[in-house]
Structures are given as structure tokens and as C-alpha cells.
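Asks: Read in order, the letters of the sequence shown are residues 969 to 1310 in the numbering used here.
Using N, Cα and C, we set each Cβ at its ideal position, and we do this for glycine too.
The structure follows.
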Amino acid sequence: MNRSFDLRSDTITRPSAGMRSAMADAEVGDDVYGEDPTVNRLQEMGAALLGKEASLFVSSGSMGNLIPIFLNCGRGGELLTHERSHILHYELGSLAAIAGAMPVAVPGRRGILREQELASRLRPAAYHLPQTRMVEVENTHNLEGGNFYRLEELEEVSAFAKKHALSMHMDGARLFNAAIASGVAAERLASLADTVTFCLSKGLGAPVGSLLCGSAEFIAEARRVRKLLGGGMRQVGVLAAAGIYALEHNIDRLAEDHEHARRIAGALAETRWAALDPNEITTNIIFFSTPGHPASRVVEALAQRGVRASTMGESSVRMVTSLEVSGSDTEEVCGIIRGLAL
Ligand SMILES: Cc1ncc(COP(=O)(O)O)c(C=O)c1O
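Below, the structure is given as C-alpha cells:
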């Protein structure tokens, strides 16, 4: 059978043998009682990595984004977020449906929020106007091709939030990709936001889970909201063990995913059916447009040759590298791309 290369997402990563064995050996307890030693260890590790007082193991990145909005935006409060952010497009409107927040979509080149655009959407203090309460940044930015915040850009948003007493949340589903690409430690990036969520279940290779990080006081409240949302988990150390393994083994190797994405982007740029600027591919996500063909046609043709990608609208395709795609797989994928004439 011909081999197939799955580039649809980095969420398709499967636990390795080492990770599975760590899961099998995990010591567990009832985490709603706070008695799962493996969960407690993972939460301590996550907080320490990001230089925050505490962290909370949650079922998904979506829950890790929803809880801080629930706690810090307030019903009817406004949240400034990029117009193509994950919380706006892919979290089923939970910020409005559950947290009661009013999202304000802010434009920004390649996913980056700038002070000027934010400032023009800030509400003046007036009793008849909704009030701006929060700003949310996505780092790296999924729909903007995995683009990451440069340190000074993040400092700008952080200073704006502080100046206007807004709570700042970072959707760092791929925070470690951002840290590697920017050359700035995850801890430094995290220090610029009040709360940060990062996912264990994407490039880090764990089967499930995210960590929501913040102050001890915030995390104590977050724990209550997690329970409110039905997210209290019991002997969940079996999953936390996968998270610990991911943090111990799979952070540094994300650099390989970036290199593979860069090579694939280079191959795509050589074809007639894909248009992109390979210099813009700096992490593990590649977006390209498909001049002359519907995206679905390109995705189908690639799939027939064993390369799986995602259609992202009429004429846009996404590919994501991960630990499921090795260096030699990347070479094969590049060969298939170069050989595809449409
Ligand atoms: C940028 C970003 N934020 C949040 C999420 C949500 O993560 P989950 O699927 O675990 O809810 C994703 C998932 O793809 C994402 O790409």
C-alpha cells in the first residue's frame, strides 16, 4: 500500500510508545478532590515553565480560552480579539453563549493586534455603553499561517492592556512554536499576559488536554468554573502523564516541524497550482491559495497521491507539520508536490 502523509493538522498526532507507557504507569487519584498526584505534578510543571503561580489541566484549548473570558470579561463586557481568531471562528460562539462576552473583531496584519487598532475600539467610560474588559491574542495564529508575535509587538499589546486596566489572555495553543520561532522564552512571552492557555494535544503530541496558567487566585476560581462547565475530571493522571511526557520530550523538537514546513512551502512555491510566500512560513502551519483551481480539487489531487491537507475555503489550503511527519516523509511530500501537475 502506498504511504500516506497526514498534514491536515497537528491535532492528529498519536501518543508514542514512550508516552503510552508513561500513561500506563501513572499514579492516579480523584482530581476533583485535588488528589491526583500526576495531575498536580503536570500543573506545577506547566506553571513553572510559564513563570506563573499556578495552572489548571483542562480538557481542551477551547475550555482553556473560555474560562478566563468567563471570569474576566463579565456579561456584556467587550473583548478585543483579532478578526480571524480561533475564539471567534472555531469555538462555536462559546464566549457569547456561555460567558456572555461581546467580541469585538479587530483587524491586524497576519493576525497581529496593534495599539492603534485596539485604541480605536476602546469604549469610553459612559453608563450607556458596553465597557471594554479584555484583550485576547493568539500566538501562534492558526488562520494567519502560524504567524507569531515578535516580542515588541506583544509588549505593545500588553502595555495597552495595562494602561487601560484590561485583562489580557493569550491563546497560546501553539505557544512553544511561538517561543522557538521568536527566539524568546515561553516564560517571557507568558509574562506579558495575565492568563495563558497552551495545548498539550497539538504539536506536543499528547492525546488530550491543555493547561490554563495564571495567578494562584485566578486558577482557584478557574477550577470552580471548570467544574461548572462539567470539566471536573477524576483519575485523570493517565492523561496528565501524557502531558508530562510531552513537556519533557517534545518541546525542542518543534523546531524540526518548522524546518519541515519551510521545506514544504519551498516545494509548493515552485508549482503553478499553489501561491504563497515561503518566507512567511515561520512555524508549522502553511497556508496557500490555489490560483486557477478550487481548493477542493487541489486537496483531492494531493490526497490521491497520499498527501492529506485541509480545504480552508474556496481557494485556500492548509498544511500543518507535526511529529507524525519525519524528515524523510517531508522529502517524499516535497517530491509528490513537485510532481503534481494540475
Ligand atoms: C489557535 C487555537 N486555539 C485554540 C484551539 C482549541 O483547541 P481544542 O481543539 O483543544 O479545543 C485550537 C485548535 O486547533 C487552535 O488552533
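Helix, strand or coil, according to DSSP, for residue 1179 in the structure here?
Replies: Strand.
Asks: With DSSP run on the structure shown, which of helix, strand or coil describes residue 1300?
Replies: In this structure, residue 1300 counts as helix in the three-state DSSP scheme.
Asks: Tell me the residue span of the alpha helix (DSSP H) that contains residue 1105.
Replies: Per DSSP, residue 1105 belongs to no alpha helix (DSSP H); it is in the beta strand (DSSP E), 1100-1106.
Asks: Using a threshold of 9 Å, state whether the C-beta atoms of residue 1062 and residue 1102 are closer than that.
Replies: For residue 1062 and residue 1102, no; Cβs fall outside 9 Å.
Asks: Report the residue from 1217, 1049 and 1003 whose alpha carbon sits nearest the alpha carbon of residue 1085.
Replies: Residue 1085 has its Cα closest to that of 1049, out of 1217, 1049 and 1003.
Asks: So residue 1205 and residue 1007 are supposed to be a Cβ contact under 8 Å. How far apart are they, rounded?
Replies: Their Cβ separation, rounded to whole angstroms, is 5 Å, which keeps residue 1205 and residue 1007 in contact under 8 Å.
Asks: Are residue 1236 and residue 1256 closer than 9 Å when you measure CB to CB?
Replies: Against a cut-off of 9 Å, the Cβ pair of residue 1256 and residue 1236 comes out as a contact.
Asks: Nearest to residue 1116 by alpha carbon, out of 1143, 1124 and 1095?
Replies: Comparing Cα positions, the closest option is 1143.
Asks: Name the DSSP beta bridge partners of residue 1189, please?
Replies: DSSP, once it has assigned bridges, lists no residue as partnering residue 1189.
Asks: Would you check whether ligand 1 has a heavy atom nearer than 8 Å to the C-beta of residue 1058?
Replies: Correct: residue 1058 has its Cβ closer than 8 Å to ligand 1.
Asks: Looking only at C-alpha atoms, which of 1218, 1249 and 1221 sits nearest to residue 1233?
Replies: Measuring from the Cα of residue 1233, the nearest candidate turns out to be 1249.
Asks: Do residue 1181 and residue 1014 have their C-beta atoms closer together than 9 Å?
Replies: In contact: residue 1181 and residue 1014 (Cβ atoms closer than 9 Å).
Asks: With DSSP collapsed to three states, give me the class of residue 1163.
Replies: Note: residue 1163 maps to strand in three-state DSSP.
Asks: Where in the segment 1218-1277 do unbroken runs of the beta strand (DSSP E), each at least 3 residues long, occur, reported from the N-terminal end onward?
Replies: Taking only runs of at least 3 residues, the beta strand (DSSP E) segments lying wholly in the segment 1218-1277 are 1253-1257.
Asks: Give the single residue among 980, 1112, 1034 and 976 whose Cα lies nearest to the Cα of residue 1245.
Replies: For residue 1245, the nearest C-alpha among the options comes from 1112.
Asks: Is the beta carbon of residue 1250 within less than 8 Å of some heavy atom of ligand 1?
Replies: Checking every heavy atom of ligand 1 against the Cβ of residue 1250, none is found closer than 8 Å.
Asks: Say yes only if the C-beta of residue 1115 is nearer than 8 Å to one or more non-hydrogen atoms of ligand 2, and no if none qualify.
Replies: Summarising the ligand content, the structure contains ligand 1 and does not contain ligand 2.
Asks: The beta strand (DSSP E) that contains residue 1038, what's its start and end?
Replies: Premise fails: residue 1038 lies in the alpha helix (DSSP H), 1029-1040, not in any beta strand (DSSP E).
Asks: Taking all protein chains shown into account, decide if residue 1247 is buried (16 or more other Cβ within 10 angstroms of its Cβ) or exposed.
Replies: Flag for residue 1247 reads exposed.
Asks: Using DSSP with H/G/I as helix, E/B as strand and the rest coil, what is residue 1026?
Replies: It is a strand residue.
Asks: Leaving out the 5 sequence neighbours to the left and right, which residues in its chain are closer than 8 Å to residue 1076 when beta-carbon positions are compared?
Replies: Result list for residue 1076: 1050, 1051, 1082 and 1085, in chain order.
Asks: Is the segment 1026-1037 close to the segment 1192-1206, with three or more CB pairs under 8 Å?
Replies: The segment 1026-1037 vs the segment 1192-1206: in contact.
Asks: Let's see if you can read the secondary structure: which residues bound the alpha helix (DSSP H) around residue 1050?
Replies: No alpha helix (DSSP H) holds residue 1050; the beta strand (DSSP E) holding it covers 1046-1050.
Asks: Following the continuous beta strand (DSSP E) through residue 1287, name the residue where it begins and the one where it ends.
Replies: 1284-1288 is the extent of the beta strand (DSSP E) around residue 1287.
Asks: Here's a check: name, in chain order, each residue in its chain whose Cβ is nearer than 6 Å to the Cβ of residue 1215, leaving out the five neighbours to either side.
Replies: Answer for residue 1215: 1013, listed in chain order.
Asks: On the three-state DSSP scale, how would you describe residue 1115?
Replies: Of the three classes helix, strand and coil, the one that applies to residue 1115 here is strand, per DSSP.
Asks: Beta carbon of residue 1189: closer than 8 Å to some heavy atom of ligand 1?
Replies: Checking every heavy atom of ligand 1 against the Cβ of residue 1189, none is found closer than 8 Å.
Asks: Ligand 1 and residue 1141: does any heavy atom of the ligand fall closer than 8 Å to the residue's C-beta?
Replies: Yes - ligand 1 has a heavy atom lying nearer than 8 Å to the Cβ of residue 1141.
Asks: Determine the DSSP secondary structure at residue 1135, reduced to helix, strand or coil.
Replies: Reduced to three states, the DSSP call for residue 1135 is strand.
Asks: Flag residue 1150 as yes when its Cβ comes closer than 8 Å to any non-hydrogen atom of ligand 1, and as no otherwise.
Replies: Residue 1150 Cβ: outside cutoff for every heavy atom of ligand 1.
Asks: In the DSSP assignment, find the unbroken beta strand (DSSP E) run with residue 1075 in it and report its ends.
Replies: Where residue 1075 is concerned, there is no enclosing beta strand (DSSP E), given that its DSSP letter is neither H nor E.
Asks: What number of angstroms, rounded off, separates the C-alpha of residue 1126 from the C-alpha of residue 1137?
Replies: Straight-line Cα distance between these residues: approximately 10 Å.
Asks: In terms of residues, what are the limits of the alpha helix (DSSP H) holding residue 979?
Replies: First-last for residue 979: undefined, no H or E at that position.
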